[in-house]
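Below is one structure; the comments refer to it alone.
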Ligand SMILES: Nc1ncnc2c1ncn2[C@@H]1O[C@H](COP(=O)(O)OP(=O)(O)OP(=O)(O)O)[C@@H](O)[C@H]1O
Ligand SMILES: [Mg+2]
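Below, the structure is given as structure tokens:
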């Protein structure tokens, strides 16, 4: 139909029991397609889904032909970086406000396209998320910033303040993050 699409295909993993492997493929594919669509309804840019094959573990979706935010952050100046981080915080807030967590929030799972940031890769996300899951989401993002963007860690603070500004329960999530990090430190 003249559209640019990509097919995300989950290939069988030989190290897993075949039954478990097949059932994981079905559930992750279903979960991903569902959450991509629900996130979009919340106003978070995500690719349009054209086709889903649960048994084959395949999703055909809109191709976002732009750079990963991971790479863009590296090549941006301070001001642009700030704007990108503010937008990341706003999008995660929108998602959490709508009860969805992403499950693998890293800047590799964000694409810059048509002047916006789009989120992809929702296979580990949840619906009806609680504060703990939201805290874990942000904690993972912090770790992603620490490993991928260690030279501009202040960016993560910009993400957080934008998140808090856009999400009424932001402060409660901050408390959760603190608990999660304290736990990590002593166990
Ligand atoms: N709709 C899309 N348009 C353009 N590129 C995409 C799209 N979806 C995925 N990609 C590219 O493919 C990569 C892998 O996709 P995705 O993150 O969904 O799968 P994954 O199995 O989690 O891979 P990984 O975690 O190893 O990055 C992305 O980082 C991105 O570069
Ligand atoms: Mg990914």
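Residue numbers (our numbering): 947 to 1133. Ideal Cβ placement from N, Cα and C applies to all residues, glycine included. In this text, all values refer to a predicted model and were calculated from it rather than measured experimentally.
Helix, strand or coil at residue i according to DSSP, with G and I counted as helix
| i | result |
| --- | --- |
| residue 1058 | strand |
| residue 1001 | coil |
| residue 955 | strand |
| residue 947 | coil |
| residue 962 | coil |
| residue 1065 | strand |
| residue 1052 | coil |
| residue 992 | coil |
Whole-Å CB distance - residue i paired with residue j, under 8 Å assumed
| i | j | result |
| --- | --- | --- |
| residue 1052 | residue 1080 | That belief does not hold up - the Cβ atoms of residue 1052 and residue 1080 are roughly 16 Å apart, past 8 Å. |
| residue 1123 | residue 1085 | 6 Å |
| residue 1112 | residue 987 | At roughly 17 Å, the Cβ-Cβ gap does not stay under 8 Å, so residue 1112 and residue 987 are not in contact. |
Contact under 8 Å by Cβ, residue i with residue j
| i | j | result |
| --- | --- | --- |
| residue 973 | residue 1003 | no |
| residue 976 | residue 1000 | yes |
| residue 1058 | residue 1018 | yes |
| residue 1049 | residue 1073 | no |
| residue 1055 | residue 1066 | yes |
| residue 1015 | residue 1083 | no |
| residue 1041 | residue 1114 | no |
Local Cβ density within 10 Å of residue i, reported as buried at 16 or more and exposed below that
| i | result |
| --- | --- |
| residue 978 | buried |
| residue 990 | buried |
| residue 1030 | buried |
| residue 981 | buried |
| residue 1007 | buried |
| residue 1105 | buried |
| residue 993 | buried |
| residue 1129 | exposed |
| residue 960 | exposed |
| residue 1131 | exposed |
| residue 1071 | buried |
Residue i versus residue j: straight-line alpha-carbon distance, rounded
| i | j | result |
| --- | --- | --- |
| residue 1109 | residue 1116 | 7 Å |
| residue 1005 | residue 1025 | 36 Å |
| residue 1095 | residue 1078 | 25 Å |
| residue 949 | residue 997 | 13 Å |
| residue 1023 | residue 967 | 44 Å |
| residue 1102 | residue 1028 | 10 Å |
| residue 947 | residue 1118 | 47 Å |
| residue 952 | residue 1068 | 16 Å |
| residue 983 | residue 1127 | 31 Å |
| residue 1009 | residue 1090 | 24 Å |
| residue 1060 | residue 1012 | 8 Å |
| residue 957 | residue 965 | 14 Å |
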